[in-house]
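Since the structure comes first, as structure tokens, the remarks are kept for the end.
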Amino acid sequence: MTRVVVVGSGIAGLVTAIHASDEHEVVLVTKDVLGQSNTRYAQGGIAGVMFDDDSVESHVQDTLTAGAGLCDEEAVRVLCSEGPDRIRELIAYGVGFDRAGSAPDAAFAKGLEAAHSYPRVLHSGGDATGAAIEAALVHRVRETSVAIHEHTFLVDLLVEAGAVRGVLLRADGEEFVVRADAVVLATGGAGQLYPHTTNPLVATGDGAAAALRAGAALEDVEFVQFHPTALTSAGSFLVSEAVRGEGAVLRDASGERFMQRVHPDAELAPRDVVARGIAAAMAAQGGLPVVLDATMLGAERLATRFPGIDAAVRASGIDWSLEPVPVAPAAHYWMGGVRTDLHARTSLPWLYAVGEVARTGVHGANRLASNSLLEGAVFGARAAAAIGVDLQVGPSTSSGTGKGPVIELQDPVIELVEMHRSGPSTSSGTGNGPVIELVEMHPSTSSGTGTDGPSTGPGTGGGSGTRADGFSRAALHELLWRDAGLIRTGDGLAAAAGILDGWAAEQTAPPTTDEESEDQNLLLLARAIVAAALQRTESRGAHARSDFPLTDPIQAVSTTVVTTGAAARTIATPSLVGAAVHVPSGEMLASC
Ligand code: SIN
-16 MTRVVVVGSG IAGLVTAIHA SDEHEVVLVT KDVLGQSNTR YAQGGIAGVM FDDDSVESHV
44 QDTLTAGAGL CDEEAVRVLC SEGPDRIREL IAYGVGFDRA GSAPDAAFAK GLEAAHSYPR
104 VLHSGGDATG AAIEAALVHR VRETSVAIHE HTFLVDLLVE AGAVRGVLLR ADGEEFVVRA
164 DAVVLATGGA GQLYPHTTNP LVATGDGAAA ALRAGAALED VEFVQFHPTA LTSAGSFLVS
224 EAVRGEGAVL RDASGERFMQ RVHPDAELAP RDVVARGIAA AMAAQGGLPV VLDATMLGAE
284 RLATRFPGID AAVRASGIDW SLEPVPVAPA AHYWMGGVRT DLHARTSLPW LYAVGEVART
344 GVHGANRLAS NSLLEGAVFG ARAAAAIGVD LQVGPSTSSG TGKGPVIELQ DPVIELVEMH
404 RSGPSTSSGT GNGPVIELVE MHPSTSSGTG TDGPSTGPGT GGGSGTRADG FSRAALHELL
464 WRDAGLIRTG DGLAAAAGIL DGWAAEQTAP PTTDEESEDQ NLLLLARAIV AAALQRTESR
524 GAHARSDFPL TDPIQAVSTT VVTTGAAART IATPSLVGAA VHVPSGEMLA SC
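Taking our numbering, the leading residue of the sequence shown gets -16, the next gets one more, and so forth.
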């Protein structure tokens, strides 16, 4: 029987595993417990054309508009046209979407979020949509033959002769190989790159970093979405856009609504516009958060429609039915990721990517609200189908759009890791286009003149200097928030690139713990994001450059990031991964 390893247990991983289990032996690996993923925290809901007076075309157009010229239209059409079937499948699995009346067959309640021209967002438990979906899928996957391995960390991909043939995992401090006929990355995003994020601690970009090291192409990595309204009184807890959809408004320190001056759609303007509007208002009032005024909704409505947010706000000591709550932008979603085709195939044979780790092309430069759960379900099912086809007819890979510049990111650290594990490197880069920029990889010699200490507001790309301190998660956070955050500058990005390369060059030992691996992954992805952001000399969607404030039509192409010498850094044969690690095909999860 053919074996498929799925890494990650959010909606994308679970849908893939459930679908693939019909035909294959499926091993599902997750670094925490099954229910712990970004999916679980999704509040707003899942967008889909589920009402007669809505249309696929309208959903397509809203998605393309939000994506600011960088979506792949074909992928968007797949998303919007196949989405309703996937939503019906979730309902069949037991997800109870909220209804507009008390009768069991009452119409679904309609939710509106920013930049949707129709209230097509279905929700469950008020603001607990992700939790409801995750619970139903976890229940369903446990009914299948899928072998579930929790607390198991993806260290790297196993690559032989340029194709992915399995995974190197770590559990209880032990590393071991699981061979597979196909590997699906569903590892989510990298919100933990930033100090203020709505993402859980597990969102450290492990799959994207492993893919990059293995030679897969990443695309659109410079596009990081900042959610406009995270509670500043409660650890960046998300206050759903749906609260604004229900009528809440943003006010500055003087109590004035300011978004009306920024965009005709005011609080329901595209997410990047609202986030930058808030950042500007905060800057004008010395970094103080703005407030979200939901008092007009009343205590009962707030508690029934938004029970989770209501509890978090009240736990932070605020009665939001009586007073506004302080909010600020926080990192929320990564539009970029491992480049895939319409069937989740990456640029490496037998490697597939679904969900936030993937760059399918549906989000472009700015994701439309509530499209990500839908993407996970649609492309998870497609990945399972594609694996079945590919196993019959042979592997196929995504060449992607490949129209934009290619950045080759050298990574001396990974080279050391692989030399340690598998002997000397032997091969060359994988870039398939002109190399626009070779990222400087030597340690920065600049002296620290930076603004140390925690940031108080959204990054504004000051590029205010460099720091000579060594790497730490806190230092990475501070650097990215300031120089690769909501608003960027060339100077800030260039300074950040030097510091990041210096930190990378200082990494001399292979990671041996999950935390060290996460740091390595975050640092590699930070370098990719900064390099791509530096390359993009325009403002588009979530990528805002104060030194290039306009959108440049010529740059309506995706930037690709690859690592040089990638094939050389992959594990040549399992038997070289330490004497005891060789796992014969057919044997499951043998430990070294
Ligand atoms: C929200 O509820 O505001 C977030 C929804 C999303 O990110 O899609």
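By construction, the Cβ of each residue, glycine as well, lies at the ideal position given by its N, Cα and C atoms.
- Shown here, Tyr316 sits in a strand according to DSSP, grouped into three states.
- Runs of the beta strand (DSSP E) lying entirely within the stretch 135 to 219, each at least 3 residues long, are 136 to 143, 146 to 154, 157 to 162, 165 to 168 and 207 to 214 in chain order.
- The closest heavy atom of ligand 1 lies less than 7 Å from the beta carbon of Tyr316.
- In terms of Cα proximity to Glu239, the closest of Ala367, Ala193, Asn182 and Ile261 is Ile261.
- The bridge partners DSSP lists for Val222 come to none.
- Inter-residue distance for Arg244 and Glu250 is about 10 Å (C-alpha atoms, whole angstroms).
- Under the three-state reduction of DSSP output, Pro309 falls in the strand class.
- Bounds of the beta strand (DSSP E) holding His132 are Ala130 to His132.
- Put simply, the residues with a CB less than 5 Å from any heavy atom of ligand 1 are Gln26, Gly27, Ser223, Glu224, Ala352 and Ser353, in chain order.
- In this model, Glu501 and Leu221 are separated by some 24 Å (Cα to Cα).
- Assigned with DSSP and collapsed to three states, Glu391 falls in strand.
- Looking at Asp474, Arg510, Gly473 and Ala467, the one whose alpha-carbon comes closest to that of Ala487 is Arg510.
- When secondary structure is reduced to three states using DSSP, His526 falls in the strand class.
- Counting only the Cα atoms, Gly363 lies some 5 Å from Ala(-5).
- When Ala98, Val16 and Thr495 are compared, the shortest CA-CA separation from Glu157 is found for Thr495.
- For Tyr76, DSSP records no beta bridge to any residue.
- With contacts defined by Cβ atoms closer than 8 Å, Gln19 and Val185 form a contacting pair.
- Residue environment for Pro247: exposed (fewer than 16 other C-beta atoms within 10 angstroms of its C-beta).
- Going by beta carbons, Val(-13) and Ile370 fall inside the 8 Å limit.
- The C-beta distance from Trp317 to Glu339 rounds to 6 Å, short enough to meet the 8 Å contact threshold.
- Contact between Val310 and Thr215 is confirmed by a C-beta separation of about 6 Å, below the 8 Å threshold.
- Looking at the DSSP output, Asp276 bridges to Val232.
- Membership of Ala488 in the alpha helix (DSSP H) is indicated by the continuous run Gly473 to Glu489.
- Taking each of Phe136, Val372 and Pro290 in turn and checking the Cα distance to Glu6, the smallest one comes out for Val372.
- The three-state reading of DSSP puts Ile470 in coil, since its state is none of H, G, I, E or B.
- Gly270 and Ala236 have their alpha carbons spaced roughly 11 Å apart.
- Per DSSP, the unbroken beta strand (DSSP E) holding Val10 starts and ends at Glu8 to Val12.
- Restricting attention to Ala173, Ala263 and Asp15, the CA atom closest to the CA of Ala154 is found in Asp15.
- Listed in chain order, the non-local C-beta contacts of Gly319 below 7 Å within the same chain comprise Leu201, Glu202, Asp203, Val204, Glu205, Phe206 and Arg342, local neighbours out to five positions each way being set aside.
- Using a Cβ-Cβ distance cut-off of 8 Å, the stretch 97 to 115 and the stretch 123 to 131 are not in contact, since fewer than three pairs of beta carbons, one from each stretch, lie closer than that value.
- For the pair of segments examined, the stretch 347 to 361 was found to touch the stretch 519 to 530: the number of CB pairs separated by less than 8 Å reaches three.
- With contact defined as three or more Cβ pairs closer than 8 Å, the stretch 133 to 146 and the stretch 75 to 82 are not in contact.
- In the DSSP annotation of this structure, Arg240 is not part of any beta strand (DSSP E), being labelled neither H nor E.
- Assigned with DSSP and collapsed to three states, Leu334 falls in strand.
- Straight through space, the alpha carbons of Gln26 and Asp474 are spaced by roughly 37 Å.
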